[in-house]
Amino acid sequence: MDGTVKTGSRTIYELAVPGSDPEATLKKVFAHWLEEKKLDAILVPAISKTGAVTRSLVSAPEKIMATAPLLPAMGINGAGIIAEIAPDPGAKSKIGVLLRPCELRAVVELVKLQQVSLDGIVLVGIDCPGTYKTAQFLQIAEGASDFNNNFIRNQDAYTSDSRLRHACQLCEFPAPLVFDIMFGFLGMNPDEELLVITAGEKGAVLLAPTFPVPLEPRQDEPAARVEFINKLRRAREEAIRTQIRELDERLLGAENVVRYFADCLNCHNCMKVCPVCYCRECFFESDALNRNQDEFVRFSRSKGMVRMPSGTLLFHITRMNHMMTSCVQCGICEDSCPVSIGLSVLFKKVSRNAQNAFGYLSGRALEEPLPLTTFREDEFTTIGEG
Amino acid sequence: MAYEPKIIGFLCNWCTYAGADLAGTSRLQYPPNMRPIRVMCSGAVDSVYILRALLEGADGVFIGGCHPGDCHYVSGNYKTRRRMVLFNSIMESLGLDTDRVLLRWISAAEGKRFADTVTEFTEKLRQKGPSPFKTLWEV
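Top line first, the protein sequences correspond to chains A and B.
If you read the first sequence in this note's numbering, its first letter stands for residue 19, the second for the next number, and so on.
If you read the second sequence in this note's numbering, its first letter stands for residue 20, the second for the next number, and so on.
Okay, here's the thing in structure tokens:
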């Protein structure tokens with residue numbers, strides 16, 4: 019297993035912010051890494067000239083200035099990109115990938131699922147107060163000057179913005195858990211300083227021998243940051259509790275479950291955009307469950323009638339059985355659902371319960387084995403006895 | 020027509036299926052409500068098979084495997100056990116009945132335990148009544 023993360027070897031620094039421009043400071047650092055050939059390329063969010071929110075794999079240092087590392091919009095979970103380009107070991111190039119906490123967690127799960135090799139990947143994490151859907155972001159940011167910097171300057175207001183993506187409003191992990199290097203700003207004044215933490219050698223080599231911005235070692239994370247994150251987590255836990263209570267009124271029981279998914283088109287978008295849905299070919303896209311007309315008539319006769327398209331509920335509950343131990347609750351599934359099925363809060367509940375049953379947390383550590391790939395002889399001993 | 024529960028059974032080839040065989044050759048009586056499907060290991064029973072049976076009209080699903088430590092493939096049944104924990108957790112999160120799926124370890128020597136298990140599970144499902152999923156899509 020790739021041992022990128024050793025919790026013990028974290029080193030903390032304070033990064034100066036020249037010109038009180040945190041986003042430009044980050045870009046300066048990224049450009050430096052490219053100039054110094056520390057990285058061959060870096061994946062960063064950006065807005066294209068045509069006005070689209072994208073991610074760009076930037077290799078030319080001068081192109082970095084046009085990117086937007088702090089862009090608070092999320093259309094896809096970036097872990098999917100990593101799985102697409104780096105499924106196998108042996109990459110000769112080295113790229114940095116700037117990812118949000120939920121994206122990093124998904125990468126960790128994909129590494130365990132053997133869908134990502136970190137050989138040529140440097141995980142660059144960043145604090146995340148929350149994100150908007152891309153269209154929503156473009157609307158909010160239109161005409162605003164320096165929106166991305168202001169977004170992290172006004173953390174109190176923006177972390178509780180009701181226009182944030184639903185999953186972000188319910189996110190209890192605003193800071194990266196696993197990374198090679200990360201940049202932090204939560205609870206801090208980002209016009210004065212940013213936090214840099216390296217975890218292990220892969221991150222540490224990015225800071226030496228030269229660095230474009232003054233960097234001071236620190237003992238600990240700033241107390242204000244720890245406090246801010248704890249406060250934010252408490253507020254979001256409260257929101258989670260409230261929303262799960264409301265969810266339960268609509269969800270619990272066979273009839274309600276059927277109603278909850280009643281509008282499902284069977285488009286499988288939730289599966290396709292899911293960063294941790296790992297099969298190269300989905301069982302539900304195969305012919306395994308197909309029936310032809312004659313078989314459907316027989317099936318219908320056994321009950322008098324049958325719902326078409328059939329199997330939507332089978333798809334959803336099976337997908338939960340396959341994915342809930344690795345779900346990072348990024349909510350991209352809900353954003354891509356054409357009939358707006360409330361998947362964010364649903365998966366928040368179901369995946370938490372599923373992971374708690376095994377004392378597991380998705381994306382917490384590369385060393386933690388997937389719950390269904392491991393076992394202990396002395397656990398759950400009452401099951402099967404009776 | 021009076022309700023009779025329909026049970027789909029997934030029986031491990033090495034233990035429970037042989038246990039069922041022993042129940043037969045020992046002429047033990049048990050209700051005919053279970054349709055057995057032989058699988059090579061209880062660990063091969065993906066949740067999709069359990070769910071498909073339940074959603075398409077079965078009143079119960081039975082999974083039979085070797086006792087812990089006795090798996091022909093060393094650890095298949097330990098993984099079945101974890102998968103069952105996950106399955107139950109998800110059913111509970113959705114407020115769905117976990118009593119309609121039964122996992123039990125039955126060895127090749129336990130013909131009586133097999134007959135008793137089917138009798139007991141059938142009786143329990145008789146008491147519970149038909150699965151709610153049978154009629155949920157009725158118009």
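All residues carry an ideal CB built from backbone N, CA and C; glycine is no exception.
Fill in: Distance between B/Cys34 and A/Leu204 (C-alpha atoms, nearest Å)
57 Å
Item to complete: Output the boundary residues of the beta strand (DSSP E) element that contains A/Ala153.
Response: Element bounds for A/Ala153: not the beta strand (DSSP E) but the alpha helix (DSSP H), 152-159.
Discussion item. Quick check on DSSP: helix, strand or coil for A/Glu386?
Written reply: coil
Worksheet item: With C-beta atoms as the reference, is A/Val294 less than 8 Å away from A/Val346?
Response: yes
Discussion item. Determine, for B/Glu157, whether the minimum Cβ-Cβ distance to residues of chain A falls below 8 Å.
Written reply: yes
Discussion item. For the region 21-41 of chain B, list every residue whose C-beta sits within 7 Å of some C-beta in chain A, in sequence order.
Written reply: none
Worksheet item: Looking at chain A, which residues of the region 86-111 of chain B have a Cβ within less than 9 Å of any of its Cβ atoms?
Response: His86, Pro87, Gly88, Ser94, Asn96, Tyr97, Lys98, Thr99, Arg100, Arg101, Arg102, Met103, Val104, Leu105, Phe106, Asn107, Ser108, Ile109, Met110, Glu111
Item to complete: Grab me the residues of B/Ala77's own chain with a C-beta within less than 6 Å of its C-beta, minus the 5 sequence neighbours each way, in chain order.
Response: Lys25, Ile27
Worksheet item: Between the Cα of A/Gly108 and the Cα atoms of A/Gly138, A/Ile199, A/Ala124, which residue gives the shortest distance?
Response: A/Gly138
Practice prompt. Can you say whether A/Val35 is buried or exposed, counting buried as having 16 or more other CB atoms within 10 angstroms of its CB?
Written response: buried
Worksheet item: Does B/Gly130 have its Cβ less than 8 Å from a Cβ in chain A?
Response: no
Worksheet item: When the Cα atoms are used, what is the spatial distance from B/Lys153 to B/Leu73?
Response: 8 Å
Worksheet entry | Chain-ordered chain A contacts of B/Val137 [CB-CB under 7 Å] | Going along chain A, no residue has its Cβ under 7 Å from B/Val137, so there is no contact; the nearest lies around 13 Å.
Item to complete: Would you identify the three-state DSSP class for A/Met19, choosing helix, strand or coil?
Response: At A/Met19 the pLDDT is 37, less than 50, meaning the model places this residue with poor confidence; the figure from the coordinates comes in the next sentence. Here A/Met19 sits in coil by DSSP.
Discussion item. Can you tell me whether A/Lys24 is helix, strand or coil according to DSSP?
Written reply: Low confidence applies to A/Lys24: its pLDDT is 45, below 50, so where it sits in the model is not reliable enough to give any reading.
Discussion item. Strictly below 7 Å CB to CB, what residues from chain B border A/Ser180?
Written reply: In chain order: nothing, as chain B lies at least about 26 Å away.
Fill in: Three-state secondary structure assigned by DSSP to A/Thr228
coil
Item to complete: Measure the C-alpha to C-alpha separation of B/Pro50 and B/Glu23 and round it to an integer number of angstroms.
Response: 10 Å
Practice prompt. Using a Cβ cut-off of 8 Å, pull out every chain B residue sitting near A/Leu270, in sequence order please.
Written response: Leu113, Gly114
Worksheet entry | Coil, strand or helix - A/Cys120 by DSSP | helix
Fill in: Per-residue contacts from A/Asn166 into chain B (C-beta, under 8 Å)
The contacting residues do not exist; A/Asn166 stays about 37 Å from chain B at best.
Fill in: Spatially closest choice to A/Leu57 from A/Phe48, A/Ala372, A/Ile65, by CA coordinates
A/Phe48
Worksheet item: What separation, rounded to the nearest whole angstrom, lies between the Cα atoms of A/Cys146 and A/Ala124?
Response: 15 Å
Worksheet entry | Between the CA atoms of A/Leu88 and A/Asp209 - distance to the nearest angstrom | 14 Å
Discussion item. Measuring alpha carbon to alpha carbon, tell me which residue in B/Cys85, B/Pro151, B/Gly95, B/Asp135 is nearest B/Met53.
Written reply: B/Asp135
Item to complete: Taking B/Met110 as part of the alpha helix (DSSP H), name the residues at either end of that continuous run.
Response: 95-112
Worksheet item: Since A/Thr216 sits in a beta bridge, which residues does DSSP pair it with?
Response: A/Thr29, A/Ile199
Practice prompt. Check the Cβ-Cβ distances between A/Lys24 and every residue of chain B, and say whether any is below 8 Å.
Written response: The pLDDT assigned to A/Lys24 is 45, lower than 50, so where the model puts this residue is not dependable; a value taken from the coordinates is nonetheless given after this. A/Lys24 does not count as touching chain B.
Worksheet item: Using the C-alpha atoms, what's the distance from A/Val71 back to A/Asn248?
Response: 31 Å
Worksheet item: Can you tell me whether A/Asp353 is buried or exposed, with buried defined as 16 or more other CB within 10 angstroms of its CB?
Response: buried
Practice prompt. Specify, as a first and last residue, the run of the alpha helix (DSSP H) that B/Thr44 falls within.
Written response: 35-44
Worksheet item: By how many angstroms is the C-alpha of A/Ala185 removed from the C-alpha of A/Gly218?
Response: 30 Å
Worksheet entry | Cβ contact check for the region 130-144 of chain A and the region 109-116 of chain A: 3 or more pairs under 8 Å | yes
Worksheet item: Taking the C-alpha atoms as reference points, what is the distance between A/Ala193 and A/His286?
Response: 30 Å
Worksheet item: Going by DSSP, which residues form a beta bridge with B/Phe29?
Response: B/Ile56, B/Ile82
Practice prompt. Please confirm if A/Ile401 has its CB atom under 8 Å from at least one CB of chain B.
Written response: yes
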